[in-house]
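In this note's numbering, the protein residues as written are 40 to 296.
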């Protein structure tokens, strides 16, 4: 009987074991300088969104003679456009070039939106009078997978979003999310880079990871005990039945002898 009780207590202790609070709290002091493999494109102190191959751009041109460039900017009231960003925008090809009416192929990959605007302005001045150009990114999206409350692909309307904000959009981590080993897959250059981020430190506030980049993929691993915890109710029932049976059997045998 005593052995059965000991086994029961042991199983219940495993069942309700708690995670240390230090493994749950975000942005704690210490371990700020976690060793990571840095990329020259992500080591800037100030985040600047740069145009990348396969990006889709909205390019609008305004001038004193709007009729001459109606294919850039429609004249009069602009109706709702049901087309996708891919259909109505300018796609950056794999080599980083964009085909723009009047001026032809222009390399914009690697430039900030302001640099792209200045480049197009210089080129268009040869063809139209006093051009005013607006360049925006139509395809800024990122993906969050794994142990978050709302996994999926998300589109950003502004030009930047922080890493904590991205997790907030995905509903934050679930109780089973491993906060010390989040994978960030970043497509900077030709080869994707994989980083490991520890949310319990201030690593995510560093320049390398403070902001999410277009096409980033964030994966939150499950904690090792998830399978045990998800099966805990069934284990608890079986343990209770087994313990009760052992206690009853021990009681009957003690009466016999």
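Ideal Cβ positions, reconstructed from N, Cα and C, are used throughout, including at glycine.
Query: Residue span of the beta strand (DSSP E) that contains residue 137, given as start and end; Result: 136-139
Query: Cβ contact check for the region 176-192 and the region 155-168: 3 or more pairs under 8 Å; Result: no
Query: Closest Cα partner of residue 262 within the set 102, 189, 216; Result: 216
Query: CA-to-CA distance, residue 218 to residue 285, given in whole angstroms; Result: 41 Å
Query: Residue 239 beta carbon less than 8 Å from that of residue 220; Result: no
Query: Contiguous beta strand (DSSP E) assignments of at least 3 residues, all confined to the region 123-185; Result: 136-139, 143-146, 171-176, 180-185
Query: As assigned by DSSP and simplified to three states, the class of residue 203; Result: helix
Query: Reduced DSSP secondary structure (H/G/I, E/B, other) of residue 96; Result: strand
Query: Start and end residues, beta strand (DSSP E) containing residue 192; Result: 191-194
Query: Assumed close pair residue 148, residue 135 - CB separation to whole angstroms, cut-off 8 Å; Result: 3 Å
Query: Chain-order list of residues whose beta-carbon lies under 8 Å from that of residue 249 (same chain, five-residue window excluded); Result: 86, 201, 202, 243
Query: DSSP-derived helix/strand/coil call for residue 64; Result: coil
Query: Residue environment, residue 307, which counts as buried when at least 16 other CB atoms sit within 10 Å; Result: In the structure as shown, the chain starts at 40 and stops at 296, and residue 307 therefore has no counterpart that could be examined.
Query: Spatial distance of residue 157 from residue 130 (CA atoms); Result: 18 Å
Query: Option in 65, 161, 213, 133 with minimal Cα separation from residue 142; Result: 161
Query: Own chain, CB closer than 8 Å to residue 184, minus 5 neighbours either side, in chain order; Result: 190, 256, 257, 258, 259
Query: Rounded straight-line distance, which links the Cα of residue 91 to that of residue 225; Result: 12 Å
Query: Beta-carbon proximity check, residue 89 vs residue 163, cutoff 8 Å; Result: no
Query: For residue 100 and residue 193, the rounded distance between their alpha carbons; Result: 29 Å
Query: Residue interval of the beta strand (DSSP E) (run including residue 234); Result: 232-236
Query: Residues of its chain near residue 182, where Cβ-Cβ distance is below 6 Å and the 5 sequence neighbours each way are ignored; Result: 192, 256
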